[in-house]
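Sequential numbering from -6 applies to the sequence shown in the working numbering. Just so you know, even glycine gets a beta-carbon here, dropped at the ideal spot from N, CA and C. Each remark here refers to the structure printed beneath this line.
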Amino acid sequence: MVRLKSLTQSLLLTGLFLAGVLLTGCTSPKADTVRVDSIQGYTLNNGEWITFESILFENGKVIAVGISEDLESREPEAEVVDGGGHVMLPGLIDAHAHVVGLGQLLTQVDLTGSTSLDEALERVEDYATSNPDLPWIVGRGWNQELWQENTFPTALDLDQVVEDRPVFLSRIDGHAAWVNSVALTIGDVTRETQDPVGGRVIRDEEGDPTGILVDAAETYVARFIPQESQEQLEEAIERALQEMLSLGITGVHDAGVSKGVWDMYQQFDRRDELTVHINAMIGGVTEQTRPWIEQGPVMPKASSRLSLTGVKIYSDGALGSRGAAMLEPYNDEPGNKGLLFYNQKEMDYQVLTAVSNGFQANVHAIGDAANRQVLDALGKAIQAYPESERHRVEHAQVVAVEDIPRFTELGLIASMQPTHATSDKNMAQDRIGEERLEGAYAWRTFIDQGTLIAAGSDFPVEPVNPFFGIHAAV
-6 MVRLKSLTQS
4 LLLTGLFLAG
14 VLLTGCTSPK
24 ADTVRVDSIQ
34 GYTLNNGEWI
44 TFESILFENG
54 KVIAVGISED
64 LESREPEAEV
74 VDGGGHVMLP
84 GLIDAHAHVV
94 GLGQLLTQVD
104 LTGSTSLDEA
114 LERVEDYATS
124 NPDLPWIVGR
134 GWNQELWQEN
144 TFPTALDLDQ
154 VVEDRPVFLS
164 RIDGHAAWVN
174 SVALTIGDVT
184 RETQDPVGGR
194 VIRDEEGDPT
204 GILVDAAETY
214 VARFIPQESQ
224 EQLEEAIERA
234 LQEMLSLGIT
244 GVHDAGVSKG
254 VWDMYQQFDR
264 RDELTVHINA
274 MIGGVTEQTR
284 PWIEQGPVMP
294 KASSRLSLTG
304 VKIYSDGALG
314 SRGAAMLEPY
324 NDEPGNKGLL
334 FYNQKEMDYQ
344 VLTAVSNGFQ
354 ANVHAIGDAA
364 NRQVLDALGK
374 AIQAYPESER
384 HRVEHAQVVA
394 VEDIPRFTEL
404 GLIASMQPTH
414 ATSDKNMAQD
424 RIGEERLEGA
434 YAWRTFIDQG
444 TLIAAGSDFP
454 VEPVNPFFGI
464 HAAV
């Protein structure tokens, strides 16, 4: 047992202990000094592993951990809470997630975990029946790789359960949408519709759209979905914050936010209702976001739980929808190399715009072709601005083996999500083959060469529970 350690970092009780003790156990939540005894506490301080049975708070901040006798002698007048033998860990930080997406998943059609087309359709039908006044049925979470059928669903499938209003269902990774015939009509998606740059309309043998829209093609329909009201957005954020706190997450890097979401975060922060620290990334470099980017980062302050330090840029799609950009064709779809959203010159511009305005570049790259393009762009930006922030490759999921050392050479952070490996294990080898897997999900290789990894979940693509990611990583 470590006798007494003064800490500056915050710690947080996890699970039911968080809700049951901190929220209801104290008779005076704003007491100056509170001591929680009878806990199994674990933390790290400057690399040192520390265990403790008691923790002392002053004005809401941790000032010491150790054994109860020592802390009692230090602050004999402290209010005492019985921890009941529960486990206490430091608050956890998710380095890549989508906060509003999590809140939306908790209020829309949730198809995560469905194991067949029939089960997914049943959930959609139940939701539509329970919400007869909704003009659109919107949801997320389907993954055809987990279904018995193991094939993309179609608009005709959806038409069986909802034919009176449009349906838009994002794939689990957010890089493909499954829509019904009403939605295809609203988006004017026909056999004459051209595939957009960075997107694809899946078609049948006759050339007609099947109801699956990949990456940029999703916008053909998504642009017609009614914008959320301020009340709906606020509810989504509140529910996401509650869900994160219930699992011990006290900080999150929000990977791509709109100006409207940022403004709402600021309102939460001003009201002291932002219960989780949020470091946000501006969602892309566009005509709309360029003036915002030119204002520069919003750095964290002691009085705030909110900052804005990165720009999220997409280079390609995802492996599950075969939209990840590969150097060679997919093993299970010859002729398809996936989708690059930009050519090299355009990607260079995107990255340089972020870096030249003082932001960290956070660039999504899943396929080996996308990772190479992003490494090239970041290399040029770092050469132009050598004193800039350390930049991140988001996902770094499938990297050509010869490109892996470039992460260390350029001083880059690999922002990786361990549960992607466990979720993809049933299809990754079919998609890219055994040889390319040598450079996939390679966090051990990155660590061994000295590359810093920022670990996250990518929720709601993956479960928000951080312990799933810890389990997958080790």
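Taking each of A465, W285, P459 and A466 in turn and checking the Cα distance to P83, the smallest one comes out for P459. Between the C-alpha atoms of T412 and S66 there is a straight-line separation of about 45 Å.
Shortest Cα-Cα distance from A90 to any of D451, E326, L139 and A466 involves D451. Taking A233 as the centre and dropping the five residues before and after it, the same chain places the C-beta of V92, L95 and G96 closer than 6 Å to its C-beta, in chain order. Here the C-alpha atom of E382 lies approximately 20 Å from the C-alpha atom of Q442.
For K305, the three-state secondary structure derived from DSSP is strand. Taking all protein chains in view, the Cβ of H357 is crowded by 16 or more other Cβ atoms within 10 Å, so the residue is classified as buried. Under the three-state reduction of DSSP, D25 is assigned to coil, being neither helix nor strand. Counting C-beta pairs with one atom in each stretch, the region 102 to 120 and the region 135 to 144 have three or more that are closer than 8 Å, which means they touch. Under DSSP, E51 shares a beta bridge with T26 and K54. One Cα belongs to A421, the other to L312, and the distance between them is close to 8 Å. Sequence-distant Cβ neighbours of H168 in its own chain, meaning closer than 6 Å and more than five residues away, are D208, G310, A311, S314 and G316. Contact between the region 247 to 254 and the region 273 to 283 is present, with at least three C-beta pairs closer than 8 Å. In the same chain as E387, and ignoring 5 residues on each side of it, the C-beta atoms closer than 8 Å to its own belong to H89, A248, K305, N355, V356, H357, A358 and S408, in chain order. L37 is classed as exposed because its beta carbon has fewer than 16 other beta carbons within 10 Å across all chains shown. A447 has S408 as its beta-bridge partners, per DSSP. Taking 7 Å as the cut-off, the beta carbon of L114 is found closer than this to the beta carbon of V154.
Scanning L49, I195, Y378 and Q390 for the CA closest to the CA of D25 turns up L49. In this structure, L99 keeps its C-beta atom at 7 Å or more from the C-beta atom of I242. When DSSP states are grouped into helix, strand and coil, N272 belongs to the strand group. Closest option to L345, judged by alpha-carbon separation, among T401, V367, D361 and V214: V367.
Following the DSSP letters along the chain, one finds H89 inside the beta strand (DSSP E) bounded by residues L85 to A90.
With distances taken between CA atoms, F45 lies nearest to V29 out of D197, E287, V29 and A229. Listed in chain order, the non-local C-beta contacts of A363 below 7 Å within the same chain comprise S308, D309, A317, A318 and L333, local neighbours out to five positions each way being set aside. Separation of G76 and W42 (C-alpha to C-alpha, rounded to the nearest whole angstrom) is 21 Å.
Around the beta carbon of A347, 16 or more other beta carbons lie within 10 angstroms, which makes this residue buried.
In terms of CA proximity to W171, A148 leads the group N350, E427, A148 and I60.
Beta-bridge analysis with DSSP links E72 to V27. Apart from sequence neighbours up to five positions away, the residues of its chain that approach Q33 with a beta-carbon distance below 6 Å are V80, ordered along the chain. Taking all protein chains in view, the Cβ of S123 is surrounded by fewer than 16 other Cβ atoms within 10 Å, so the residue is classified as exposed. If the five residues before and after S297 are omitted, its C-beta is found closer than 7 Å to the C-beta atoms of D262, all from its own chain and listed in chain order.
Among the bridge pairs identified by DSSP, W171 is matched with L162 and I205. Linking G462 to G59 through their CA atoms gives a straight-line distance of about 29 Å.
Per DSSP, the beta bridge partners of L37 are W42.
Contact between R116 and V102 holds, with the beta-carbon distance rounding to 6 Å and staying under 8 Å. In the DSSP annotation of this structure, I195 is not part of any alpha helix (DSSP H); the continuous beta strand (DSSP E) holding it starts and ends at G192 to R196.
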